[in-house]
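Protein sequence lines, in the order shown, are assigned to chains A and B. The first sequence begins at 1 in the working numbering and counts up one residue at a time. The second sequence begins at 1 in the working numbering and counts up one residue at a time. What follows is one structure encoded as structure tokens, with my remarks underneath.
Number of protein chains: 2
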Amino acid sequence: MSETCINCGHSLCARRVPIFSKLDGKEIESVVTLIRRKHFDKGENLFFEGGELQGLIIINRGRAKAYINTPEGKEQILHIFFPGDFFGEKSLFVDKKTEYNVKAVEPVDICMISKKDFQELIKKYPGITSKILQELVNRIDRLESMIENIGAKSVDSRINAVLLEFAQKSLDENQIDSAAQFELPLNREGIANYIGVTRETVSRKLNLLQEEGVIQMIGNKKIKILDKNRLKSE
Amino acid sequence: MSETCINCGHSLCARRVPIFSKLDGKEIESVVTLIRRKHFDKGENLFFEGGELQGLIIINRGRAKAYINTPEGKEQILHIFFPGDFFGEKSLFVDKKTEYNVKAVEPVDICMISKKDFQELIKKYPGITSKILQELVNRIDRLESMIENIGAKSVDSRINAVLLEFAQKSLDENQIDSAAQFELPLNREGIANYIGVTRETVSRKLNLLQEEGVIQMIGNKKIKILDKNRLKSE
DNA sequence: ATAAAACTGTGATTCAAATCATGATTTCTA
DNA sequence: TAGAAATCATGATTTGAATCACAGTTTTAT
């Protein structure tokens, strides 16, 4: 079996992961030998809450959502994982179950490093630990700003924030400024479950934004941000 | 100056902090020599968003709230720090500002270790790093469950959850089961800003819970949980 | 290609919590 | 300890989003 990750074309998928970014070419190749690949169809679960996580999972293609099902039957989405994002880092360090599910929202390819292999990796390259720390801190920041959004901001502001977030995850700064189109990672109901409203409200608010000329929808999945500033204010 | 932290009576305050719990007596004493103490009156800010955090801050007595002021003028509380809790760990590892404020909700004594001292400490006792990792993971868990609460649960459920949380932070399991009273760390408005509702709603819901015999209020600050199970369900 | 299934838009109605208003308590503080 | 300031309770009203209902559209699978 080749040591390169065929799904990323000719690049090494490990190089796309921030935690390995400090390693040099030869070191990264040794990481790649540890990687196993797997594919998930749209709608398949990569992981169920309470389950044993096999190791570190890196999203290589496609997007996935992490979500909780509440006792009342609602779904709360906690993260959207884009290519290059990873999860499962928790089980590598702490003996604690992860309480959310992860589901592919479109066809997804992942790279996987087993817990055992990863722990040996850390011994060999201790710098990885500080990268993990950094990533955990970033997640805390994102979760805190999500709480600010859901807990203290109006529904309009939440919609605005989520559109900007998805744009930033999908495009680079120049593309956003030139109103490039991008694909929403979630359908209306998904967006609703991410920002704590209903599907109908998302529909109505998006249409309002379009009427106001702030955004332009291309079909249901694609969108252009015409006026970034009006999304930022309010 | 004595090496013991006078504010904790005869115990060493460092021993109360989970991240130092693996150290033996002699090691902990060397940590204590690095500690500086400070007092804050009720209402004083321990820290302002965007400011330079001096190092690791351990709450030794009293409680403090971490909060964000939204552009719309609302306050969203993110954490309640109880004695033994700490913050500022972020600035020790990552070159990134903290975006929230921390304010004493009652008279607070803190212990503080400077960034520089702490970094030397880590070199000497690398085990501390894994403790920090663990604590970060715990925070992520708490934030995620907070998002589930605020985003997907009814107001009733949120009130229930916050009462249980405060009880668990204030009492041990036996005391909760025997309906011991404890002091709320926040006033009505504070609770409201923690769970994303208004002060009036908190008033009304608490009164309802009392009428139903689930809780008993002693004045405004103290409370007894009479029926833990009814708080848990729903 | 076509039928089924999933998703979306939109009006009508309901409802729970926000807001507004005010008086009663409690807690500071001078 | 008296007066001021902060906090709390509670009724009346408004409001914004949830819910309900259903038709139109898009996607998926055979």
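Beta carbons: idealized from backbone N, C-alpha and C, even for Gly.
Coil, strand or helix - residue i by DSSP
{"i": "A:E135", "result": "helix"}
{"i": "B:I19", "result": "helix"}
{"i": "A:V94", "result": "coil"}
{"i": "A:M1", "result": "Unreliable placement is indicated for A:M1, whose pLDDT of 35 sits below 50; no coordinate value is reported for it."}
{"i": "A:K123", "result": "helix"}
{"i": "A:E72", "result": "coil"}
{"i": "B:E44", "result": "coil"}
{"i": "A:A179", "result": "coil"}
{"i": "A:L78", "result": "strand"}
{"i": "A:N207", "result": "helix"}
{"i": "A:L164", "result": "helix"}
{"i": "B:K115", "result": "helix"}
{"i": "A:K221", "result": "coil"}
{"i": "A:G62", "result": "coil"}
{"i": "A:G151", "result": "helix"}
{"i": "A:D172", "result": "coil"}
{"i": "A:Y100", "result": "coil"}
{"i": "B:I191", "result": "helix"}
{"i": "A:E57", "result": "It is Ile, not Glu, that sits at residue 57 of chain A in the sequence shown. Three-state DSSP puts A:I57 in a strand."}
{"i": "A:H10", "result": "With a pLDDT of only 34 at A:H10, under the threshold of 50, the placement of this residue in the model should not be trusted; the figure read from the coordinates follows. In this structure, A:H10 counts as coil in the three-state DSSP scheme."}
{"i": "A:D109", "result": "strand"}
{"i": "A:I28", "result": "helix"}
{"i": "A:I159", "result": "helix"}
Cβ-based burial, residue i [other Cβ within 10 Å; buried from 16]
{"i": "A:I218", "result": "exposed"}
{"i": "A:G50", "result": "exposed"}
{"i": "B:F93", "result": "buried"}
{"i": "A:E72", "result": "exposed"}
{"i": "B:S91", "result": "buried"}
{"i": "B:G213", "result": "exposed"}
{"i": "A:S178", "result": "exposed"}
{"i": "B:C5", "result": "Residue confidence for B:C5 is low, a pLDDT of 46 falling below 50, so the modelled location carries little weight and cannot support an answer."}
{"i": "A:M1", "result": "Unreliable placement is indicated for A:M1, whose pLDDT of 35 sits below 50; the coordinate value is still reported in the next sentence. Burial call: exposed."}
{"i": "A:E211", "result": "exposed"}
{"i": "B:N101", "result": "buried"}
{"i": "A:Q76", "result": "buried"}
{"i": "B:G62", "result": "buried"}
{"i": "B:L121", "result": "buried"}
{"i": "A:F40", "result": "buried"}
{"i": "A:T98", "result": "buried"}
Selection from the options that minimises the alpha carbon distance to residue i
{"i": "B:N229", "options": "B:I176, B:I191, B:E200 and B:L34", "result": "B:I176"}
{"i": "B:L184", "options": "B:T70, B:A152, B:I223 and B:D172", "result": "B:I223"}
{"i": "A:I80", "options": "A:P71, A:Y67 and A:K74", "result": "A:Y67"}
{"i": "B:I159", "options": "B:Y194, B:L78 and B:K26", "result": "B:Y194"}
{"i": "A:P18", "options": "A:S130, A:K221 and A:K153", "result": "A:S130"}
{"i": "B:V197", "options": "B:K169, B:Q168, B:L209 and B:S154", "result": "B:S154"}
{"i": "B:D227", "options": "B:I191, B:R188, B:N187 and B:L164", "result": "B:L164"}
{"i": "A:I113", "options": "A:I35, A:K123 and A:L171", "result": "A:I35"}
{"i": "B:R142", "options": "B:V162, B:V202 and B:R15", "result": "B:V162"}
{"i": "B:V31", "options": "B:N187, B:R15 and B:E44", "result": "B:R15"}
Expected contact under 8 Å - CB spacing of residue i and residue j to nearest Å
{"i": "A:I59", "j": "A:G84", "result": "7 Å"}
{"i": "A:D109", "j": "A:R37", "result": "7 Å"}
{"i": "B:L46", "j": "B:K115", "result": "Their Cβ separation, rounded to whole angstroms, is 16 Å, which puts B:L46 and B:K115 out of contact at 8 Å."}
{"i": "B:K42", "j": "B:V137", "result": "Incorrect: roughly 32 Å between the Cβ atoms, too far for contact."}
{"i": "B:A167", "j": "B:I128", "result": "So it is not a contact: roughly 30 Å between Cβ atoms."}
{"i": "B:I150", "j": "A:I150", "result": "5 Å"}
{"i": "A:G88", "j": "A:L53", "result": "5 Å"}
{"i": "A:E148", "j": "B:T70", "result": "6 Å"}
The ligand PLP heavy atom lying under 7 Å from the CB of residue i
{"i": "B:M146", "result": "Within the structure as shown, the ligand PLP is missing, as the structure has no ligands at all."}
Exercise. Closer than 8 Å, Cβ to Cβ, to anything on chain B: give me those residues from the region 108–136 of chain A, in chain order.
Key: Those would be T129, S130, I132, L133, Q134 and L136, in chain order.
Practice problem: Anything in the region 44–71 of chain B with a Cβ closer than 7 Å to a Cβ of chain A? List those residues in chain order, please. | Solution: Taking 7 Å as the cut-off between beta carbons, the residues of the region 44–71 of chain B near chain A are I68 and T70, in sequence order.
Exercise. Determine which residues of the region 90–105 of chain B have a Cβ less than 8 Å from any Cβ of chain A, and write them out in chain order.
Key: For chain A, the residues of the region 90–105 of chain B that bring a beta carbon within less than 8 Å of one of its beta carbons are K90, F93, V94, K96, E99 and Y100, in chain order.
Quiz prompt | Proximal residues, the region 143–165 of chain A versus chain B, C-beta separation under 8 Å | solution = Of all residues in the region 143–165 of chain A, L143, E144, S145, M146, I147, E148, I150, G151, A152, K153, S154 and S157 have a Cβ within less than 8 Å of some Cβ in chain B.
Quiz item: Which residues, in chain order, does the region 72–88 of chain B contribute to contact with chain A at a C-beta distance below 8 Å?
Solution: Shown in chain order are the members of the region 72–88 of chain B whose Cβ falls below 8 Å from a Cβ of chain A: E72, K74, E75, Q76 and L78.
Exercise. Using a Cβ-Cβ cut-off of less than 7 Å, give me the residues of the region 185–201 of chain B that come near chain A, in sequence order.
Key: G196: these are the residues of the region 185–201 of chain B whose beta carbon lies less than 7 Å from some beta carbon of chain A, given in chain order.
Practice problem: Anything in the region 12–28 of chain B with a Cβ closer than 7 Å to a Cβ of chain A? List those residues in chain order, please. | Solution: Those residues of the region 12–28 of chain B that come within reach of chain A (Cβ to Cβ, closer than 7 Å) do not exist; the list is empty.
Quiz item: Which residues, taken in chain order from the region 203–232 of chain A, show a beta carbon closer than 8 Å to some beta carbon of chain B?
Solution: Within the region 203–232 of chain A, no residue places its CB atom closer than 8 Å to a CB of chain B.
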